[in-house]
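Structure, as structure tokens:
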Amino acid sequence: MLGAITGDVIGSVYEWNNIKTTQFNLYNEKSFFTDDTVMTIAVAEAIMIGGSFVDSMKRWGRSYPDAGYGTHFAYWLMSDNREPYNSWGNGSAMRVSPVGFAFNTLEEVLEKAKQSAEVTHNHPEGIKGAQATAAAVFMARHGASKQDIKDYVEAQFGYNLSRKLDDIRPCYTFDVSCQGSVPEAIIAFLESTDFESSLRLAVSIGGDTDTVACINGGIAQAYYKSIDKKLISFIRNKLTDEMLEVLDDFNARYKIHFE
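Residue numbers are given in the numbering used here: position 108 of the sequence shown equals residue 108, and the series is strictly consecutive.
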């Protein structure tokens, strides 16, 4: 899930300042973690302790109340309400990467992705976005080719992944829906040559850059299994000690290593 967190941090400074290019400073000192990272950590912790996604999300979210949550999620987070609110937003996809790393069959991954999504995002598009992202992570982790991942996601979820970023980028605007951001994040991965290029392509799309790059980064990590040590150090320095503890425990438990 470090890849997803990396995407969030790198994309954070470009969300309201879209750059539409891959040529940008990867190590921007103004970058920061957002709600994408907080909720990714929450999902990872819930998986490891066998706890409730609701409890973990509320506990972590309330510990970081200024992380940039959407209006509806923020209300859910701070209230006593534990029921979902039928969201189709990409919040379900941004937090799901730990599911793709933690479970051993595609069937398990799809079911757990659904469970992690429907805590809040119980709209069919919200569930679909989480499942597509988690499935791509799982397949990449197990050595599937990009073509296999593309074919599966298109067939199973109906996303059009045959478009080109050069065609998408000029007219792409801020879109927080799963159906308007998950396919674009996956396409950026499909066009990439390594982890860094995947993130750069994701950020270059524009729009909701931290979340698009977060979704992209989890898949890219699983596929390339390599993140530059300098980048890892940069990202780790942006996180809190309790976040690092969950991240390190997760990597150790599920034997996630970087080449």
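Think of the CB as a built atom: it goes at the ideal place given N, C-alpha and C, for glycine as much as any other residue.
Item	Value
Three-way DSSP call (helix, strand, coil) for residue 92 in this model	helix
Backbone secondary structure at residue 56 - three-state DSSP	helix
Beta-carbon spacing of residue 178, residue 90 below 7 Å	yes
Per-residue burial, residue 19 [other beta carbons within 10 Å of its own, 16 or more giving buried]	exposed
Sheet register partners of residue 177 (DSSP bridge)	89
Pairwise C-alpha distance: residue 252 and residue 181	31 Å
Segment limits, alpha helix (DSSP H) that includes residue 141	124-141
Through-space distance from residue 202 to residue 232, alpha-carbon basis	18 Å
From 255, 222, 204 and 216, residue whose alpha carbon lies closest to that of residue 14	204
Start-to-end residues for the alpha helix (DSSP H) that takes in residue 236	229-236
Assigned exposure category for residue 190 - 16 Cβ within 10 Å defines buried	buried
Cβ-Cβ distance between residue 1 and residue 97 below 7 Å	yes
Cβ-Cβ distance between residue 151 and residue 94 below 7 Å	no
Three-state secondary structure (DSSP) of residue 107	helix
Cβ-based neighbour list, residue 33, same chain, cut-off 8 Å, excluding 5 preceding and 5 following	5, 8, 9, 12, 67, 238, 239 and 243
Entirely enclosed alpha helix (DSSP H) segments - the stretch 140-226, minimum 4 residues	146-157, 165-168, 182-190, 195-205 and 209-224
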